[in-house]
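Numbering (this note's numbering), first residue to last: 221 to 499. For every residue, glycine included, the Cβ atom is placed at its ideal position computed from N, Cα and C. Written below as structure tokens is the structure these notes are about.
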Amino acid sequence: VCDPKFQYDSSNCTGDKVLTGNSCGGKYEQCKDYNDPNYVFTCDDEDYINNNLNKFSSAPYLYSDGTVSTQILSGKKPIGIVVDAEQRLAVALKRNQTAWFGTKEYAAWKNLDSQGKGYGDIAEEYFRYADIPALAKCLPYSYQGGDKCDPDGYENTKKLIEFAESNGIELPAVDYVKNYSPDNVSVPAAWFAKGKWFLPSLNQMYLIFDPKNILADYVARRRIGNTKVAYYTSLCSQTYWTSNRTGSTISWFVGSNTGNYWGYYKSISTVAALPMIKY
């Protein structure tokens with residue numbers, strides 16, 4: 221016997237409407253009207269989006285000559301995708317899945333962990349790896365949008381680089397953005413060369429994770445994905461490091477396309493570093 225929630229079939233889901241979700245006895249959970257102008261697309265609609273890319277607006281591409289356009293322009297090289305035209309912020313076409321700390325720091329963590337100290341009671345000697353005092357504490361769950369944290373990812377990243385260099389610490393996520401430049405441009409112009417890209421702040425990450433931006437960014441990446449210039453992932457699986465520090469000295473905020481944010485233990489977590497640039 222099927223649950224009453226399975227109520228849709230071709231008799232009551234007609235026209236351009238689409239049967240979706242789980243099914244039982246030939247009936248489906250949902251009947252979606254993708255032509256409804258008020259319909260809000262989510263990651264559950266990814267198959268439909270992929271098969272109908274031309275129906276969706278693309279985020280603007282940032283080109284190496286400074287041009288910004290939603291069109292794929294012949295003879296020009298895209299280097300980023302714009303997330304906020306007013307603030308002139310764009311994200312890189314590529315990312316890197318990386319841990320926060322390097323091999324030495326991870327070994328220090330494992331040594332302490334093997335002593336049974338636990339994640340919530342890390343020994344004081346580990347704090348020199350975990351704490352970045354130059355950044356203000358960004359307390360969890362007390363605000364929306366990250367506007368009470370250090371908002372400038374470029375300045376945050378500079379502080380992280382200075383901290384790592386002065387303390388001899390390897391920070392792979394930071395190193396990736398520090399050394400990033402688009403690999404489809406052989407001689408980058410000064411404004412988008414190495415040293416101009418940074419880890420977004422939590423506040424800036426919320427621009428990326430605005431529902432409209434997520435979809436437009438995804439469409440832009442799918443449109444050029446076959447060129448191997450850009451990566452694209454599932455709409456449901458985008459999680460990135462930010463450049464903000466939490467109240468805990470052992471975790472950092474991680475942005476998610478759900479609009480949530482939380483702390484990850486920096487030594488044991490591997491998520492994506494996505495470079496951002498101000499153009």
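Suppose the cutoff is 6 Å on Cβ atoms and the five residues either side in sequence are ignored; what does the same chain contact list for residue i look like?
{"i": "Y248", "result": "Y228, L239 and G241"}
{"i": "K237", "result": "C251 and D253"}
{"i": "N399", "result": "K414"}
{"i": "R433", "result": "Correcting the residue identity first, residue 433 is Asn in this sequence and not Arg. Around N433: V303."}
When you compare each of the options to residue i by their alpha carbons, which one comes out closest?
{"i": "Q424", "options": "D304, D264, Y254 and Y281", "result": "D304"}
{"i": "T323", "options": "G388, A356 and T234", "result": "G388"}
{"i": "A413", "options": "M496, R442 and A492", "result": "M496"}
{"i": "C222", "options": "S463, C244 and L435", "result": "C244"}
{"i": "R441", "options": "I299, E385, V407 and N258", "result": "I299"}
{"i": "G286", "options": "P257, W411, A384 and S386", "result": "W411"}
{"i": "V407", "options": "E385, S284 and L355", "result": "S284"}
{"i": "D267", "options": "N464, Y460, T453 and W472", "result": "T453"}
Measure from the C-beta of residue i to each C-beta in chain C and report whether the shortest distance is under 7 Å.
{"i": "S457", "result": "As a matter of chain content, chain C is missing from the structure shown, which is built from one protein chain."}
Could you compute how far the alpha carbon of residue i sits from the alpha carbon of residue j?
{"i": "D264", "j": "R315", "result": "23 Å"}
{"i": "A393", "j": "P224", "result": "49 Å"}
{"i": "N271", "j": "T490", "result": "31 Å"}
{"i": "V405", "j": "K296", "result": "10 Å"}
{"i": "T377", "j": "Y326", "result": "21 Å"}
{"i": "A409", "j": "Q458", "result": "29 Å"}
{"i": "N232", "j": "S334", "result": "60 Å"}
{"i": "P402", "j": "L313", "result": "8 Å"}
{"i": "I563", "j": "E375", "result": "Given that the chain is displayed from residue 221 to residue 499, the structure contains no residue 563 and the question cannot be resolved."}
{"i": "L282", "j": "V311", "result": "9 Å"}
{"i": "T466", "j": "V474", "result": "10 Å"}
{"i": "Q317", "j": "T234", "result": "43 Å"}
{"i": "L455", "j": "D437", "result": "10 Å"}
{"i": "T462", "j": "G246", "result": "45 Å"}
{"i": "I301", "j": "N331", "result": "41 Å"}
{"i": "L293", "j": "I444", "result": "11 Å"}
{"i": "T290", "j": "P257", "result": "21 Å"}
{"i": "K379", "j": "V449", "result": "30 Å"}
Only counting the same chain, and skipping five residues up and downstream in sequence, which positions put a Cβ closer than 8 Å to that of residue i?
{"i": "V439", "result": "I269, L273, F276, S277, S278 and A279"}
{"i": "V260", "result": "P431"}
Please return the same chain residues whose Cβ sits closer than 7 Å to the Cβ of residue i, not counting the five positions on each side in sequence.
{"i": "K498", "result": "R308, L309 and Y374"}
{"i": "K416", "result": "I497"}
{"i": "V397", "result": "T377, W417, F418, L419, A493 and P495"}
Based on the DSSP secondary-structure assignment, which residues constitute the bridge partners of residue i?
{"i": "W417", "result": "Note: W417 sits in no beta bridge, so no partner."}
{"i": "V358", "result": "Residue identity differs from the one stated: residue 358 is Cys in this sequence, not Val. Paired residue(s): T466."}
- Message: Could you tell me which whole alpha helix (DSSP H) segments of length 4 or greater appear in the region 363–397?
- Response: 373–387
- Message: At 3 residues or longer, what runs of the beta strand (DSSP E) sit wholly inside the region 272–309?
- Response: Qualifying beta strand (DSSP E) stretches, in chain order: 281–283 and 298–304.
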